[in-house]
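K.L.:
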Amino acid sequence: MAPAPRFSAEEQEKLIICAAIKAIEESSLLDFSMSAIAKLAGLSMGSVYKFVQCKEDVLIALATRMYQERQDVFKKVLALDLTTPERIIAASLLDFAKVQMYNFDNQLESIVNTEAMMKRCSQRWLTQMMTCGEQCQTMFQQFLQAAADSGELTSGNRDIEEINLGTWSLSIGYFQTVRLHHCRNNNIDETSTEEMPALAPDDLHIRSMQRLVNTYDWQKKISNDDIKKVCLCLKNSGLR
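Here full-length UniProt numbering is used: position 186 in the sequence shown is 186, and no number is missing along the way.
#1: What are the partner residues of L153, as DSSP defines its beta bridges?
#2: Give the secondary structure of T193 by DSSP, where H, G and I count as helix, E and B as strand, and everything else as coil.
#3: Starting from P85, follow the alpha helix (DSSP H) in both directions and report where the run begins and ends.
#4: Take every Cβ of the stretch 48 to 55, pair it with every Cβ of the stretch 108 to 128, and state whether three or more of those distances are shorter than 8 Å.
#5: My guess is that S92 and H205 are in contact by the Cβ rule of under 8 Å, so how many angstroms apart are they, rounded?
#6: Using the Cα positions of I227 and I163, report the straight-line distance between them to the nearest angstrom.
#7: Leaving out five residues on either side along the sequence, give the residues of the same chain with a beta carbon under 6 Å from the beta carbon of E69.
#8: Helix, strand or coil, according to DSSP, for V52 in the structure here?
#9: Per the contact definition of three or more C-beta pairs closer than 8 Å, is the stretch 69 to 79 in contact with the stretch 27 to 38?
#10: Can you tell me the Cα-Cα spacing of D217 and N157, whole angstroms?
#11: Kindly indicate the opening and closing residues of the alpha helix (DSSP H) around C18.
#12: Taking only the alpha-carbon atoms, compute the straight-line gap between A38 and A19 and give it to the nearest angstrom.
#13: Would you mind stating whether P85 and V230 have Cβ atoms separated by less than 7 Å?
#14: So what does DSSP say about M101, is it helix, strand or coil?
#15: With burial defined as no fewer than 16 other Cβ atoms inside 10 Å of the residue's Cβ, what is the status of L59: buried or exposed?
#16: Kindly indicate which three-state DSSP category N236 falls into: helix, strand or coil?
#17: How should L15 be labelled, buried or exposed, when 16 other C-beta atoms within 10 angstroms of its C-beta is the threshold for buried?
#18: Assuming L170 and M209 form a contact by the criterion Cβ under 8 Å, report the distance between their Cβ atoms to the nearest whole angstrom.
#19: According to DSSP, simplified to helix, strand and coil, what is L204?
#20: If you reduce the DSSP assignment to three classes, tell me which class F143 lands in.
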């Protein structure tokens, strides 16, 4: 009879993920090795390859966990006692540290969302990452549908798809383009792991989001004072 494995499949998965994070931090997203992961995890190469078949799988697996964490944060934002327009903007007024899972989040996101990466990874991991993204979009769609059903969005279902696409794109782009904009304006290396402060209520990105949101037919448009109220609400909720 073969001896029982030292770790369960779930334990091995946690060991590999933790080892992958450390291996990347010690080298880079491009230079880490599968052997380094096995060594750091204290597992055989065979055990590692049962979980991830290539470096691309490792990156997709890490990205999936990053997106799952963001989804949990977005759920908290969408549950705040605010109007729908206020909650939409609240997603961009979060403290970056509250949604950052790794110190290489922005670089990871840039890499995994490329055609080359998606072609090289295993279908299992690609499906998991895409499913996570679809769940986030569905959550936001349902959030807007509730506003239409309640009459808060007075145009009803007519604009839901358009609002979903525009505001969700800006909210997600917040993690990449806003950081890039911040780095350039403050002379910070774009590859830096330095934490960004939460965006100010009058930041260019927030003003763009406010203008976009207010083009739609809400019972109450969002004002500059409302944005300040959102910041306070996020702070009281530990999200800013």
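Where is the CB? At the ideal position from N, CA and C, for every residue including glycine.
What you are looking at is a predicted structure, and each value in this text was computed from that prediction instead of being measured.
P.N.:
So, from the data block:
#1: In the sequence shown, counting from the first residue as 1, residue 153 sits at position 153. Per DSSP, W218.
#2: As a working mapping, residue 193 is identified with position 193 in the sequence shown. Residue placement at T193 is poorly supported in this model, since its pLDDT is 49, which falls under 50; the coordinates still yield a value, given next. Coil.
#3: As a first step, residue 85 is located in the sequence shown; it is residue number 85 there, counting from the start. Its alpha helix (DSSP H) spans residues T84 to A90.
#4: In short, these stretches touch, since the Cβ pair count reaches three.
#5: For this step, residue 92 is matched to residue 92 along the sequence shown. For this step, residue 205 is matched to residue 205 along the sequence shown. Indeed they touch by this definition, with Cβ atoms about 6 Å apart.
#6: By 1-based counting over the sequence shown, the position of residue 227 is 227. By 1-based counting over the sequence shown, the position of residue 163 is 163. Rounded to the nearest angstrom, the two C-alpha atoms are 19 Å apart.
#7: Within the sequence shown, the letter at position 69 stands for residue 69. Result list for E69: M101, in chain order.
#8: Locating residue 52 in the sequence shown gives position 52, counting from the first residue. In the displayed model, V52 falls within coil according to three-state DSSP, outside both helix and strand.
#9: no
#10: Position 217 of the sequence shown, counted from the first residue, corresponds to residue 217. Position 157 of the sequence shown, counted from the first residue, corresponds to residue 157. The alpha-carbon atoms of D217 and N157 are separated by roughly 11 Å.
#11: Reading the sequence shown from its first residue, position 18 is the one you call residue 18. From DSSP, the alpha helix (DSSP H) with C18 extends over A9 to E26.
#12: The count along the sequence shown starts at 1 and reaches residue 38 at position 38. The count along the sequence shown starts at 1 and reaches residue 19 at position 19. Taking the straight line joining both Cα atoms gives about 8 Å.
#13: Here residue 85 corresponds to residue number 85 of the sequence shown, with the count starting at 1. Here residue 230 corresponds to residue number 230 of the sequence shown, with the count starting at 1. Cβ atoms of P85 and V230: not closer than 7 Å.
#14: Working through the sequence shown from its first residue, we reach residue 101 at position 101. DSSP places M101 in coil when its eight states are reduced to three.
#15: Reading the sequence shown from its first residue, position 59 is the one you call residue 59. Buried.
#16: Mapped onto the sequence shown, residue 236 falls at position 236. Here N236 sits in helix by DSSP.
#17: Counted from its first residue, the sequence shown places residue 15 at position 15. So L15 ends up on the buried side.
#18: Looking up residue 170 in the sequence shown gives position 170. Looking up residue 209 in the sequence shown gives position 209. Rounded, the Cβ-Cβ distance is 5 Å, consistent with contact.
#19: Looking up residue 204 in the sequence shown gives position 204. Three-state result, L204: helix.
#20: The residue you call residue 143 lines up with position 143 of the sequence shown. DSSP places F143 in helix when its eight states are reduced to three.
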